[in-house]
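**Q**
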Amino acid sequence: MQLKNKKVLVTGAEGFIGSHLVERLVELGAEVTAFTLYNSFNSWGWLDTLDEKYKKHMEVFTGDARDENSVRKAVEDKDIVFHLAALIAIPYSYYAPASYVDTNVKGTLNVLQACRDFMIEKMIHTSTSEVYGTAKYVPIDEEHPLQGQSPYSASKIAADMMAESYYRSFKTPVAIMRPFNTYGPRQSARAVIPTIISQILSGAKEIQLGSLLPTRDFNYVKDTVEGFIQVAENDKTIGTIMNIGTGKEISIGHLTEKIIGLIGRDVKISCQEERLRPEKSEVNRLCACNKKVSEITNWKPKYTLDEGLKETIDWIEKNIHYFKSDIYNV
5 MQLKNKKVLV
15 TGAEGFIGSH
25 LVERLVELGA
35 EVTAFTLYNS
45 FNSWGWLDTL
55 DEKYKKHMEV
65 FTGDARDENS
75 VRKAVEDKDI
85 VFHLAALIAI
95 PYSYYAPASY
105 VDTNVKGTLN
115 VLQACRDFMI
125 EKMIHTSTSE
135 VYGTAKYVPI
145 DEEHPLQGQS
155 PYSASKIAAD
165 MMAESYYRSF
175 KTPVAIMRPF
185 NTYGPRQSAR
195 AVIPTIISQI
205 LSGAKEIQLG
215 SLLPTRDFNY
225 VKDTVEGFIQ
235 VAENDKTIGT
245 IMNIGTGKEI
255 SIGHLTEKII
265 GLIGRDVKIS
275 CQEERLRPEK
285 SEVNRLCACN
295 KKVSEITNWK
305 PKYTLDEGLK
315 ETIDWIEKNI
325 HYFKSDIYNV
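The sequence shown begins at 5 in this note's numbering and counts up by one.
Structural data, given as structure tokens:
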């Protein structure tokens with residue numbers, strides 16, 4: 005399947021990964037509709053910052069994934085749907101779990117039902133490596149058990165199962181993509197890499213973090229987006245679940261030391277209690293097996309961690325005004 009001239013909907017288009025995906029789809033010649041969350045400020049999130057060469061080739065639809073009617077209106081007459089809209093902050097899910105069920109589970113159901121009713125050609129549902137919980141073995145393949153270690157991960161497990169059920173029950177052409185920890189330009193300080201970088205670049209002498217022990221498999225955003233594209237274009241991905249990750253892990257402590265070295269500042273690292281997850285909720289180890297997606301689509305990550313970090317550091321340095329580095333961003 006070629007994406008050129010296809011009518012494509014991207015939910016969650018105003019967000020970190022979504023905005024990068026919109027750019028790539030425009031470059032490929034797709035007719036892109038960017039579904040963004042309605043707000044009275046008429047803000048389109050990161051889409052507002054895109055170059056005009058992208059803006060003039062996309063349509064913005066404001067609505068709410070939790071609202072069945074707005075989802076149906078957005079999906080109608082589309083060929084392909086990339087579903088990224090979700091609440092993703094793990095700490096906030098401890099305070100507002102019901103909102104995660106409404107957005108991540110009901111919102112996904114709304115998109116699935118609309119895709120079924122309007123017989124779209126393909127839906128790519130966005131999962132997360134958090135659904136695996138702490139690794140029982142590494143690298144983690146798609147057969148690894150799922151474990152809800154936070155309300156966020158539990159809601160994403162439910163959304164994944166709903167997507168799988170629509171494929172099995174109604175033959176809805178769904179592919180489930182499970183990115184490991186994506187990072188890069190436009191990511192908020194909710195995530196660890198922008199948290200580290202923004203604190204250092206704002207002049208902090210001591211970086212405030214949570215636990216330094218967990219390991220993560222960090223995937224640069226351009227590689228993640230290329231995963232979306234290749235999963236969408238390949239017909240063999242329908243009905244499958246595919247990890248998108250590098251197959252390499254690094255601890256948060258070693259990651260922090262690497263970033264400090266790349267920036268070249270003399271700073272200390274300290275653990276702040278409010279940033280720690282509850283003991284049984286912390287995911288201690290994540291490392292992807294990407295064999296399946298590589299065999300089906302030939303996708304492989306192109307960016308090394310150092311290359312991706314350097315691009316991210318450069319972007320945050322130029323856009324440091326977006327970050328409130330002295331406040332814990334949940």
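Don't be surprised by glycine CBs; every beta carbon is placed ideally from N, CA and C. Keep in mind the model is a prediction, meaning the values are calculated, not measured.
Are the CB atoms of L91 and S103 within a distance shorter than 8 Å?
**A** Yes, the pair counts as a contact, with Cβ atoms nearer than the cut-off.
**Q** My understanding is that E230 touches R289, with C-beta atoms under 8 Å, so please give their C-beta distance in whole angstroms.
**A** Going by Cβ atoms, the distance from E230 to R289 rounds to 25 Å, so no, they are not a contact pair.
**Q** Tell whether a beta-carbon distance below 8 Å holds between S202 and S329.
**A** Going by C-beta atoms, S202 is nearer than 8 Å to S329.
**Q** Take E299 as the anchor and find which of L41, L32 and I245 has the nearest alpha-carbon.
**A** Ranking the options by Cα distance to E299, first place goes to I245.
**Q** Is it true that the CB of V30 sits closer than 8 Å to the CB of Y58?
**A** Taking 8 Å as the Cβ cut-off, Y58 and V30 qualify as a contacting pair.
**Q** To which residues does DSSP link F3 through a beta bridge?
**A** Lying outside 5 to 334, the shown extent of the chain, residue 3 is not represented and no answer is given.
**Q** Could you give the distance in angstroms between the alpha-carbon of R269 and the alpha-carbon of I204?
**A** Their backbone Cα atoms lie some 7 Å apart in a straight line.
**Q** Beta strand (DSSP E) containing T15: first to last residue?
**A** K11 to T15 is the extent of the beta strand (DSSP E) around T15.
**Q** According to DSSP, is P29 helix, strand or coil?
**A** Just to set this straight, residue 29 is Leu in the shown sequence, not Pro. Helix, per DSSP.
**Q** Quick one, which of I21, Y332 and R28 has its alpha-carbon nearest L213's?
**A** Here the closest residue by C-alpha is Y332.
**Q** For V178, write down the residues that DSSP places opposite it in a beta bridge.
**A** Paired residue(s): M127.
**Q** What are the boundary residues of the beta strand (DSSP E) that includes A38?
**A** Here the beta strand (DSSP E) through A38 covers E35 to L41.
**Q** List, from N- to C-terminal side, the alpha helix (DSSP H) runs of 4 residues or more that fit wholly inside the segment 252-302.
**A** Runs of the alpha helix (DSSP H) inside the segment 252-302: 256-267 and 295-301.
**Q** Return the residue from the list V297, K322 and A167 that minimises the CA-CA distance to G111.
**A** Considering only alpha carbons, the answer is A167.
**Q** So, does the CB of K8 fall closer than 8 Å to a CB anywhere in chain D?
**A** The structure shown has no chain D; it contains just one protein chain.
**Q** With burial defined as no fewer than 16 other Cβ atoms inside 10 Å of the residue's Cβ, what is the status of N73: buried or exposed?
**A** Exposed, since its Cβ has fewer than 16 Cβ neighbours within 10 Å.
**Q** Buried or exposed for A34, going by 16 or more other Cβ atoms inside 10 Å?
**A** Buried, because 16 or more other Cβ atoms sit within 10 Å of the Cβ of A34.
**Q** For the beta strand (DSSP E) containing Q212, name the first residue and the last one.
**A** E210 to L213 is the span of the beta strand (DSSP E), which, as asked, contains Q212.
**Q** Taking all protein chains shown into account, do 16 or more other C-beta atoms lie within 10 angstroms of the C-beta of Y224, making it buried, or fewer, making it exposed?
**A** Classification for Y224: buried.
**Q** Between which residues of its own chain and Y171 is the CB-CB distance below 6 Å, once the five residues before and five after are set aside?
**A** So the list reads V178 and G243, once near-sequence residues are dropped.
**Q** Please return the same chain residues whose Cβ sits closer than 6 Å to the Cβ of L150, not counting the five positions on each side in sequence.
**A** Here the set comprises V135 and I161.
**Q** Closest to W50 by C-alpha separation, out of V64, H61 and G19, would be which residue?
**A** Cα-wise, what sits closest to W50 is G19.
**Q** Look at F86 and L25 and say whether their C-beta atoms are less than 8 Å apart.
**A** The answer is yes: Cβ separation under 8 Å.
**Q** Under a Cβ-count criterion, where at least 16 other Cβ atoms within 10 Å of its own Cβ denotes burial, should P155 be classed as buried or exposed?
**A** Result: buried.
**Q** Would you identify the three-state DSSP class for T66, choosing helix, strand or coil?
**A** T66 falls in the strand class under three-state DSSP.
**Q** Hey, how far is the Cα of H129 from the Cα of D81?
**A** When rounded, the distance between both Cα atoms is 18 Å.
**Q** Considering Cα atoms alone, identify which of H61, T199 and K304 is closest to C293.
**A** Selected option, being the one with the closest Cα: K304.
**Q** Identify the continuous beta strand (DSSP E) that holds I248 and give its terminal residues.
**A** Per DSSP, I248 belongs to the beta strand (DSSP E) from I245 to I248.
**Q** Which same chain residues, not among the five before or five after E321, have their C-beta less than 7 Å away from its C-beta?
**A** Closer than 7 Å at Cβ, skipping near neighbours: L205.
**Q** Which residues does DSSP list as the beta-bridge partners of I144?
**A** A292, per the DSSP bridge assignment.
**Q** For H148, which residues in the same chain have their Cβ closer than 8 Å to its Cβ, ignoring the five residues on either side in sequence?
**A** Y136, A139, K140 and Y141, listed in sequence order.
**Q** Can you tell which of Q6, I84, T260 and G207 has the C-alpha that lies nearest to the C-alpha of V14?
**A** Here the closest residue by C-alpha is I84.
**Q** Quick test of your reading: K209 and K272, contact by CB under 8 Å. State the CB separation rounded to the nearest angstrom.
**A** About 7 Å separates the two Cβ atoms, so the contact holds.
**Q** Going along the chain, which residues of its own chain have a beta-carbon closer than 6 Å to the beta-carbon of A158, five neighbours each way excluded?
**A** Closer than 6 Å at the Cβ level, and outside the excluded window around A158, lie G152.
**Q** Count the other CB atoms within 10 Å of the CB of D68; is the residue buried (16 or more) or exposed (fewer)?
**A** Under this definition D68 is a buried residue.
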